[in-house]
Amino acid sequence: MLSRPRLTIAQTARVFATLSLGVAVAVASSVSAFAQNVPVVRDAEIEALVRDYARPIFRAAGLANDGIDIVLVNDQSFNAFVTGRRLFINTGALMTAETPNEIIGVIAHEAGHIAGGHQQKLRDQLERAKTMAILATLLGAGAIVAGATTNSRGLAGAGMGVAAGGGEMAQRSILAYQRTEEMTADRSAITYLNATGQSGMGMLKTFHRFQTALSLSGAQVDPYRISHPMPQDRIANLEVLVKQSPNVDKVDPAALQQRHDMVRVKIAVYMEGQATASRLMRKMQGSLAARYGDAQSTYLFGNIAAALAKTNALIKAQPKNAYFQELRGDILMKANKPKEAAEAYAKAVSLDPARSGLLPVSLGQALMAVGTPESLKKAVVQINNGLGRDKENSAGYRYLAQAYGELGDIPGAELATAEGHFYSGNYKDAKIFAMRAQQQMKRGEPRWLRAQDIINYAPSTKIK
Ligand SMILES: [Zn+2]
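With mature numbering (1 follows the signal peptide of the UniProt record, and there is no 0) as the guide, the letters of the sequence shown map in order to residues -35 to -1, 1 to 429.
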């Protein structure tokens, strides 16, 4: 079901930095002149939460019976869209939304577009980027300047300096074309929300915010707003539908709201810096989310012993929270206590209901740091386990190659390096390492065959 350009973006995700531990930052290299770099962030907790938001909606829309890939984009602006079984969402959207329902509503609306088969072509990533660039140009200098003065790089770079004059007609026709599809998607969204017993108030709130934000007061331009025109009659229609629903007054379950708050705080601490994080934590004062943010902030910017004490207190409050254990592991790694870190990560792995592939890789890294032949062997098992759950984690292959190398398994290291290149979209290097690996392998053994797959792979063919 995956369209090729989208696949290419995932395949080209390239890790360029790791924020201490825990949150790895990757960059997908641009595959067209229009596509700006998409800074993808990986995080087990955030991915699991968004997947939990999306799963029932996708099911109600008849879209996915199997897993949904969540792609977190490190961008402060508001954006979210679905293609195939991938859901792209900006960290800025999660930060902005005060309740899960606001995000769930947007996902429901996007699912409505997919289920309705709207603008199939436009909805693949590259075309979409192109459309947004065109729309940004058409919306005129005001929007562009507002975008350029802020952080919204996707738009600022796209149509800068181009006057809107002659584009007015085109703008009107594009917006008119979109209008019916938007209203259809709104109606579908309400159907899915009703089917899952959820309110449409969050979606309405989000769209209201976009509508009133149109004053272009120098606030940043949200790509979502530009791809989603919000004329008065559309909002009015939606409002009627939302208020007619028997679920209008339903609120998110307290446990889900708490997870949402914890994710918002996490994004604030790791992505937005201390000032934003402190502001958000003050709003949530006394809550577990605020304490989580405080522990993370202390780990990143403060005293390690204090961070550990705060995290231990969190674990006492929620002994089954996998991500508190993950944080404990991160802290212990920073404290240079890999053996204890491995114990914490092992707990995180066993407690993680979402079975994220990221946590076993963290466990593997800690075991590698322990450094005994025994722990290296365990590291290989864990990293392979993580990569089995999440094949596109290209950083994982680097650690795997290193672990094999330290164990003296050179062909294993070369094959892991080949896989890492392969999933980063560097097919040429992938083939070179696959051939080197094969030279030291028995012809026809499973690893030899995998190497052969990489050698035979032609980028123009669809995989998976
Ligand atoms: Zn829409």
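C-beta: ideal position from N, C-alpha, C; glycine also.
When you compare only the Cα positions, how much space is there between H83 and G294?
-> 45 Å
Please report how far the alpha carbon of A416 lies from the alpha carbon of E384, in whole angstroms.
-> When rounded, the distance between both Cα atoms is 9 Å.
Answer with buried or exposed for L91, where buried requires no fewer than 16 other C-beta atoms within 10 angstroms of its C-beta.
-> Confidence in L91 is poor, its pLDDT being 43 and thus under 50, which makes the residue's placement unreliable; the coordinate value appears in the next sentence. Classification of L91: buried, given that the 10 Å Cβ count is 16 or more.
P194, buried or exposed, once every other Cβ within 10 Å from all chains shown has been counted against 16 | So P194 counts as buried.
DSSP three-state assignment for A45, whether helix, strand or coil = DSSP places A45 in strand when its eight states are reduced to three.
Would you decide whether L414 is buried or exposed? Buried here means 16 or more other CB atoms lie within 10 Å of its CB.
-> exposed
Helix, strand or coil: how does DSSP classify N66 here?
-> helix
Mind reading off the beta-carbon distance from D226 to S252? Whole number of angstroms is fine, and I expect it under 8 Å.
-> 6 Å
Kindly give me the distance between the Cβ atoms of Y392 and S359, rounded to whole angstroms, as I take these residues to be in contact under 8 Å.
-> In this structure Y392 is not in contact with S359, their Cβ atoms being roughly 13 Å apart against a cut-off of 8 Å.
So what does V38 bridge to, in DSSP terms?
-> Looking at the DSSP assignment, V38 forms a beta bridge with V5, N55.
Which listed residue (A45, L59, M60) has its alpha carbon closest to that of F53 = A45
Can you name the start and end residues of the alpha helix (DSSP H) that M406 belongs to?
-> Counting along the chain, M406 falls outside any alpha helix (DSSP H), and DSSP gives it neither H nor E.
Can you find a heavy atom of ligand 1 that lies under 8 Å from the Cβ of A45?
-> With a threshold of 8 Å, the Cβ atom of A45 does not count as near ligand 1, since no heavy atom of the ligand is closer than that.
What separation, rounded to the nearest whole angstrom, lies between the Cα atoms of A242 and A233?
-> 5 Å
Any heavy atom of ligand 1 closer than 8 Å to the CB of A150?
-> yes
Starting from T263 and walking both ways along the alpha helix (DSSP H), at which residues does that stretch end?
-> 253 to 266
Cβ distance (whole Å) where I33 is taken to contact F23 below 8 Å | Contact check for I33 and F23: beta-carbon distance about 6 Å, within the 8 Å limit, so the pair qualifies.
Keeping to the same chain, check which residues put their C-beta closer than 6 Å to that of F175; ignore five residues upstream and five downstream.
-> R190, M195
Can you give me the start and stop residues for the alpha helix (DSSP H) that Y369 sits inside?
-> 359 to 371
As assigned by DSSP and simplified to three states, the class of S138 | Because the pLDDT of S138 is 49, which lies under 50, any placement of that residue in the model is unreliable, and the question is left without a value.
Residues in its own chain within less than 8 Å of I375 by CB, not counting five upstream and five downstream?
-> Y369, Q405
So, L323 versus D8, is the Cβ gap smaller than 9 Å?
-> yes
Alpha carbon to alpha carbon, how far is G70 from A319?
-> 22 Å
Is the closest heavy atom of ligand 1 to the C-beta of E146 under 8 Å?
-> Distance from the C-beta of E146 to the nearest heavy atom of ligand 1 is below 8 Å.
Leaving aside the five residues before and after I269 along the sequence, list all residues of the same chain whose C-beta is less than 7 Å from its C-beta, in chain order.
-> I296, K299, A300
Three-state secondary structure (DSSP) at M249?
-> M249: coil per DSSP, three-state reduction.
Run of the alpha helix (DSSP H) containing R174, from where it starts to where it stops | 166 to 177
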